[in-house]
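Enquirer:
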Ligand SMILES: Nc1ncnc2c1ncn2[C@@H]1O[C@H](COP(=O)(O)OP(=O)(O)OP(=O)(O)O)[C@@H](O)[C@H]1O
């Protein structure tokens, strides 16, 4: 499990990440959502030790630097003049990975046919799949994917999505994905984390039922214990006293007991409500 404890990062001019406290469990996929410049990539860079920060990032109670972290972040660097296979082998060599079955990796990522093509000659979709293939070489405990479907066409998006869902998730790894594509992130993630101006606004369990409920308590006394204990209930804004909650479960009975008013939201509506209020 990754534990991020009191993470803060600021430059002389700007607060970039503020009071981040998060746990990411093995076997789960976490989707990070937030506008441009909200701090998603910087959070990934902190996990990778690529930037200074205050606070602690642990993996299974040890500093994260001891964990094997695979990454696809910003513009992945590959050598244009080397082939797909040569690029992967080079990565294997300089990261000291042994017993890598390159054929299996390339086949799993549907790029085996292109193994002898130069990197500069393959399509954007293949480049993206190659980037993910490289990220998971050696079976990392943590996988960070920063906008893995950036620039892909609809079929490319589908193929990367299926790959993440079907091949990457394991009980022994923890996957973090940032994306602006709400449909995609909703279909992949177990938990959705909303970040705005460097702060975690809220996090919700995703049950892939496509609809969320924004629930308003009629009065404070209506804070029914059962409701708040439900794992599919989160505050709309973690830090405010707002009497609004998000319910992402599918048992409408829970919110139809007269103590609440509720509205159905799509993830897009929810994103707007969270980011614009
Ligand atoms: N090295 C740096 N020095 C100073 N400011 C930085 C640095 N890196 C990022 N920032 C600033 O930190 C903020 C967060 O940027 P970051 O790239 O993490 O956001 P993001 O959520 O990943 O955005 P996007 O969705 O556009 O990729 C931005 O305001 C950015 O300008």
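Residue numbers (UniProt numbering): 1 to 277. Even glycine gets a Cβ: it sits at the ideal position worked out from N, Cα and C. Small disclaimer: the values here were computed from a predicted structure and weren't measured.
1. Expressed to the nearest angstrom, what Euclidean distance is found between the alpha-carbon atoms of residue 207 and residue 117?
2. Should residue 93 be labelled buried (16 or more other beta-carbon atoms within 10 Å of its own) or exposed?
3. Taking 7 Å as the cut-off, does the CB of residue 120 come closer than this to any heavy atom belonging to ligand 1?
4. Going by Cα to Cα distance, which pick from 30, 8, 262, 126 is closest to residue 165?
5. To which residues of the same chain is residue 48 closer than 8 Å at the C-beta, ignoring the five residues directly before and after it?
6. With which residues is residue 54 paired in a DSSP beta bridge?
7. Which residue marks the beginning of the beta strand (DSSP E) containing residue 199, and which one marks its end?
8. Please identify the residue among 275, 86, 218, 11 whose C-alpha is closest to the C-alpha of residue 238.
9. To which residues does DSSP link residue 174 through a beta bridge?
10. Where does the unbroken beta strand (DSSP E) through residue 261 begin, and where does it stop?
11. Just checking residue 31 against ligand 1 - is the residue's beta carbon closer than 7 Å to any of the ligand's heavy atoms?
12. So what's residue 123 in DSSP terms, helix, strand or just coil?
13. May I ask you to report which of helix, strand or coil DSSP gives residue 20?
14. Is there at least one non-hydrogen atom of ligand 1 closer than 7 Å to the beta-carbon of residue 16?
15. Where does residue 171 land, buried or exposed, given buried means 16+ other C-beta within 10 angstroms?
16. Is the beta carbon of residue 39 within less than 7 Å of some heavy atom of ligand 1?
17. Over what stretch of residues does the alpha helix (DSSP H) that includes residue 156 continue unbroken?
18. Pick out whichever of 78, 212, 250 has its Cα sitting closest to the Cα of residue 244.
19. Would you kindly report the start and end of the unbroken beta strand (DSSP E) that includes residue 234?
20. Given that a residue counts as buried once 16 or more other Cβ atoms are within 10 Å of its Cβ, and exposed if not, what is residue 62?
21. Under the criterion of a Cβ to heavy atom distance below 7 Å, does residue 49 qualify as lining ligand 1?
22. Would you call residue 4 buried or exposed, if buried means 16 or more other Cβ atoms sit within 10 Å of its Cβ?
23. For residue 8, which residues in the same chain have their Cβ closer than 7 Å to its Cβ, ignoring the five residues on either side in sequence?
24. Using DSSP with H/G/I as helix, E/B as strand and the rest coil, what is residue 79?
25. For residue 34, verify whether its CB is less than 7 Å away from any heavy atom of ligand 1.
26. Taking the alpha-carbon positions, what's the residue 185 to residue 96 distance?
Expert: With the structure as the only source:
1. The C-alpha of residue 117 is placed about 41 Å away from the C-alpha of residue 207.
2. exposed
3. no
4. 30
5. 69, 71, 73, 144
6. 8
7. 199 to 205
8. 275
9. 142
10. Unbroken beta strand (DSSP E) run through residue 261: 260 to 265.
11. no
12. coil
13. strand
14. yes
15. The residue in question, residue 171, is exposed, as its Cβ has fewer than 16 Cβ neighbours within 10 Å.
16. Residue 39: yes, Cβ under 7 Å from ligand 1.
17. 154 to 163
18. 212
19. First-last of the beta strand (DSSP E) with residue 234: 233 to 235.
20. exposed
21. no
22. buried
23. Listed in chain order, the non-local C-beta contacts of residue 8 below 7 Å within the same chain comprise 17, 18, 19, 53, 54, 55, local neighbours out to five positions each way being set aside.
24. Correct three-state label for residue 79: coil.
25. yes
26. 32 Å
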